[in-house]
Amino acid sequence: MNRRSFIAGAATASVATISLANTLPLEIPKKEKRYQNGQSPWPICLDTATIRPAKGLEKKVEIAIAAGYDAIEPWDSDLAEYEKSGGDLKKLGAKIKEAGLFVPSMIGLWGCIPQNEEEFQKSLPATKNRMRMASEIGCTYVQAIPNQVGENYDVAFVASCYRRLLEIGITEYNVIPALVFVKMFPLKTMGQATAVALDANHPKAKIIPDVYHMYISEGGFEGLRLLNGDIFAIFQFNDAPKGMEIADMEDKHRVFPGDGILPLPQILKDLKTTGFNGCISLELYNPEYHSMDLLEVAKTGLQKTLKVIKEAGV
């Protein structure tokens, strides 16, 4: 083949390649789902503790709907009281869904991880009943609360209990127990909760961070960006007050996001990098807010949460 023929053949092949490439479908990047009219990459949830004095679960649901939340996170006491008064959790779950909200999580499985095997077995009936309620209202997750693990808890035993809770929750009730950490309990920090979740050796193991307890437990926020967002079930949101020592801070001192001292915009930037796409849940216990109009409290909490999200630029 002479040089001229080679060049002509190469040119023809190039045109054919370009033409073929132009006919192939382009891979279009998947558009990120956003919430709150595009203001948030995460659905915003109202933890019912924020409006605790509201009379009854249906009233709390009404407030969440009226305030404009994407989801509601009830407590087991809310559900138990609702059933006791003759309510049907499945029907309420359907109503919540019809209103455009969902129920990501329920608080919680109290005493589900005690100090020894005998106590663990004794705790199972109450734990299973709470799982049942969470399942009937439509929860994806239910919070596993390590309030009775003991001060010098055995990580291997706690992980074993948590793994069994996962198996029970998933296979029997279609809910996923997610481990919380609280400064006031023996299992205090995100690092400790993560260790238990990893040692449970289960593909659905999850933890639930709370920015307030990340701060007052002194576990800090820098570890957040080191984790994959798949490990988080939901993300509890609030702020820590100004002018107080950490040692004096209790749950009742939580304030609206942006009204305190926590570096919330940076925390949300780091959370976004983990790939987390679950709920941001507003959780406040402040008695000052409980004495106010509860719909206004819910609206204010949502507005302030969205303001922090905007400041984070996510």
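Take the sequence shown: its letter number 188 is residue 188 in UniProt numbering, and every next letter is one higher.
The beta-carbon is built from N, C-alpha and C at its ideal position, and this holds for glycine as well.
Distance check for residue j and residue i, CA to CA, integer angstroms please.
i: Ala298; j: Ile72; result: 11 angstroms
i: Ile113; j: Ile145; result: 7 angstroms
i: Leu226; j: Gly87; result: 43 angstroms
i: Thr48; j: Phe237; result: 13 angstroms
i: Val211; j: Ala195; result: 18 angstroms
i: Leu57; j: Leu79; result: 7 angstroms
i: Glu81; j: Glu218; result: 35 angstroms
i: Ala21; j: Lys33; result: Reliability fails at Ala21, whose pLDDT of 44 lies under 50, so the model's placement of it is uncertain and the value that follows must be treated cautiously. Distance between the alpha carbons of Ala21 and Lys33 is about 30 angstroms.
i: Leu203; j: Asp154; result: Note that residue 203 is Pro in the sequence shown here, rather than Leu. One C-alpha to the other measures close to 22 angstroms.
i: Trp110; j: Pro186; result: 14 angstroms
i: Val314; j: Leu224; result: 16 angstroms
i: Ala126; j: Gly108; result: 11 angstroms
i: Gly301; j: Glu118; result: 43 angstroms
i: Leu241; j: Tyr289; result: Before going on, a small fix: residue 241 reads as Pro here, not Leu. Using only the alpha carbons, I get a separation of about 14 angstroms.
i: Asp70; j: Val103; result: 9 angstroms
i: Glu311; j: Gln192; result: 30 angstroms
i: Thr23; j: Thr171; result: For Thr23, the predicted model reports a pLDDT of 47, less than 50, meaning its position is unreliable; a value from the coordinates is still stated below. Cα to Cα, Thr23 sits roughly 47 angstroms from Thr171.
i: Ala66; j: Gly260; result: 26 angstroms
i: Asn286; j: Met244; result: 15 angstroms
i: Ile176; j: Leu124; result: 15 angstroms
i: Val158; j: Ala205; result: 13 angstroms
i: Asn147; j: Asp76; result: 15 angstroms
i: Lys95; j: Val61; result: 10 angstroms
i: Ile280; j: Ala156; result: 30 angstroms
i: Leu179; j: Ala197; result: 7 angstroms
i: Val308; j: Asp239; result: 11 angstroms
i: Met292; j: Ser160; result: 44 angstroms
i: Lys31; j: Cys139; result: 26 angstroms
i: Glu98; j: Arg254; result: 32 angstroms
i: Lys59; j: Ile246; result: 34 angstroms
i: Pro209; j: Lys188; result: 11 angstroms
i: Gln36; j: Gly68; result: 8 angstroms
i: Glu83; j: Ala54; result: 17 angstroms
i: Leu284; j: Asn129; result: 26 angstroms
i: Gly169; j: Pro265; result: 34 angstroms
i: Arg164; j: Phe181; result: 18 angstroms
i: Pro74; j: Lys269; result: 27 angstroms
Could you tell me whether the Cβ atoms of residue i and residue j are closer together than 8 angstroms?
i: Phe232; j: Ile207; result: yes
i: Tyr173; j: Arg132; result: yes
i: Arg92; j: Ala64; result: Before going on, a small fix: residue 92 reads as Leu here, not Arg. No; because the gap between Cβ atoms is not below 8 angstroms, this pair is not in contact.
i: Phe235; j: Pro263; result: no
i: Leu46; j: Leu282; result: yes
i: Ala200; j: Leu166; result: yes
i: Val142; j: Ser85; result: no
i: Gly258; j: Lys304; result: yes
i: Met190; j: Ile216; result: no
i: Glu151; j: Leu89; result: no
i: Leu294; j: Ile51; result: yes
i: His213; j: Lys183; result: yes
i: Val149; j: Gln121; result: no
Residue i bridges to which residues according to DSSP?
i: Gln39; result: According to DSSP, which records beta bridges pairwise, Gln39 is partnered with nothing at all.
i: Val61; result: DSSP output for Val61 lists no bridge partner at all.
i: Tyr141; result: Ser105, Ile176
i: Lys236; result: This sequence places Gln at residue 236; Lys is not what is there. Bridge partners of Gln236: Asp210, Ser281.
i: Leu46; result: Ile72, Leu282
i: Val255; result: Asp239
Query - Cβ pair count under 8 angstroms reaching 3, the segment 40-55 against the segment 270-284 - result: yes
Query raised in the report: Hey, which unbroken runs of the beta strand (DSSP E) at 3 residues or more fall wholly within the segment 155-200?
Result: 176-180
Query raised in the report: Residue ranges of each alpha helix (DSSP H) run of no fewer than 4 residues wholly in the segment 261-311, ordered along the chain?
Result: 264-273, 287-290
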